[in-house]
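Asks: Per mature numbering (1 follows the signal peptide of the UniProt record, and there is no 0), the sequence shown runs over residues -26 to -1, 1 to 234.
Glycine included, C-beta positions come from ideal geometry on N, C-alpha and C.
Predicted, not measured: the structure shown is a model, and the values here were computed from it.
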Amino acid sequence: MVPQILRSRALAAATLAVVVVGCLVACGGAPPTAKPTRESPSSTPAETPEPSPVAPPVRVAPVASSDPNDLSVVVNKLRPLTPADYAPADVVEVAVPYANQPFLRREAADATVAMFAAFEAQTGLKMQAQSAYRSYSTQVSVYAGWVASKGQAGADLTSARPGHSEHQTGLAIDISALPAVCTLQACFADTPQGQWLAANAVTYGFVLRYPAGGTPVTGYEFEPWHYRYVGVAMAADYAATGATTLEQYFGLPAAPTYAP
Ligand SMILES: [Zn+2]
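#1: Any chance the segment 88 to 95 sits against the segment 104 to 120, with 3 or more Cβ pairs inside 8 Å?
#2: Rounded to the nearest angstrom, what separates alanine 228 and glycine 125 at their Cα positions?
#3: By the three-class DSSP mapping on this structure, what secondary structure does glutamine 102 have?
#4: Out of Gln169, Ala88 and Arg80, which one is the CA nearest neighbour of leucine 156?
#5: Return the Cβ separation of proline 54 and glycine 137 in integer angstroms, given the expectation that the two are a contact with Cβ distance under 8 Å.
#6: Below 7 Å, is the gap between the Cβ of aspartate 148 and the nearest heavy atom of ligand 1?
#7: State whether the segment 49 to 64 contacts the segment 152 to 167, with contact taken as three or more CB pairs (one from each stretch) at a distance under 8 Å.
#8: Could you check whether alanine 85 and tyrosine 203 sit closer than 8 Å to each other, using their CB atoms as the reference points?
#9: Should histidine 200 be listed as close to ligand 1, given that the test is whether its C-beta is under 7 Å from any heavy atom?
#10: With burial defined as no fewer than 16 other Cβ atoms inside 10 Å of the residue's Cβ, what is the status of glutamine 75: buried or exposed?
#11: Pick helix, strand or coil for valine 191, following the three-state DSSP scheme.
#12: Do we get a CB-CB distance below 8 Å when we pair glutamine 102 with the residues of chain D?
#13: Does the beta-carbon of serine 16 have 16 or more other beta-carbons within 10 angstroms, so that it is buried, or is it exposed?
#14: Can you say whether glutamine 142 is buried or exposed, counting buried as having 16 or more other CB atoms within 10 angstroms of its CB?
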């Protein structure tokens, strides 16, 4: 005869065994049947936050190009175009009002049209292209004209020598008010056109190339009318860094004068 107490202990041991075996499955190293949320089917898997911290994207420092076909090309008094008589292959007419019929590289032309349209829509005012792409031979004439009127030293603060003009890249445009007010003068900065461009051109991929106070770096006087297309992404990065010249942005030496 098995005493009641022994039968109770046997039953308790059997129960414990069941619990232990069960716990090996449910409580031990084996994964639970419910997987983490991120592995479960979901209609918006991209919105599920990652459980571990993710390193922020590393910003790659911009590098200036010497290739005039590149949007990151920098042309200044120490960085002539190569070749000197470079001509972009994809210049197109820019469909905006103008003082001189404007041509730019296609991407810059499209951005210019969009920028002018936005300006007119937002302000009810107009502006025009004063000068855009200029060939090497055109720059020969333009520079000679400035030398004749201001002498070489004066001309060099205003106009690039042939082979050194950003206008020859097909990525630069001079903009003026329509009707004309302060055309190619520092007071253009105070016009509605000049103020709107200073605040909004970056949105369309343009940067002010020759800012006030920038002469020791750029070699040119303040030109609130001269904008250089670098593309929307680079312009946004340029603005985010707080750079005021392309030389500063790319970490290039100042170029106040031509090499001897
Ligand atoms: Zn210009």
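Replies: So, to answer that:
#1: no
#2: 23 Å
#3: strand
#4: Residue identity check: residue 156 is cysteine in the sequence provided, not leucine. Looking at the Cα atoms, Gln169 is the closest of the given residues.
#5: 5 Å
#6: yes
#7: no
#8: yes
#9: yes
#10: exposed
#11: helix
#12: Reference to chain D is not applicable here, since this structure consists of a single protein chain.
#13: Confidence at serine 16 is low in this model, with a pLDDT of 47, below 50, so the placement of that residue is unreliable and no value is reported for it.
#14: buried
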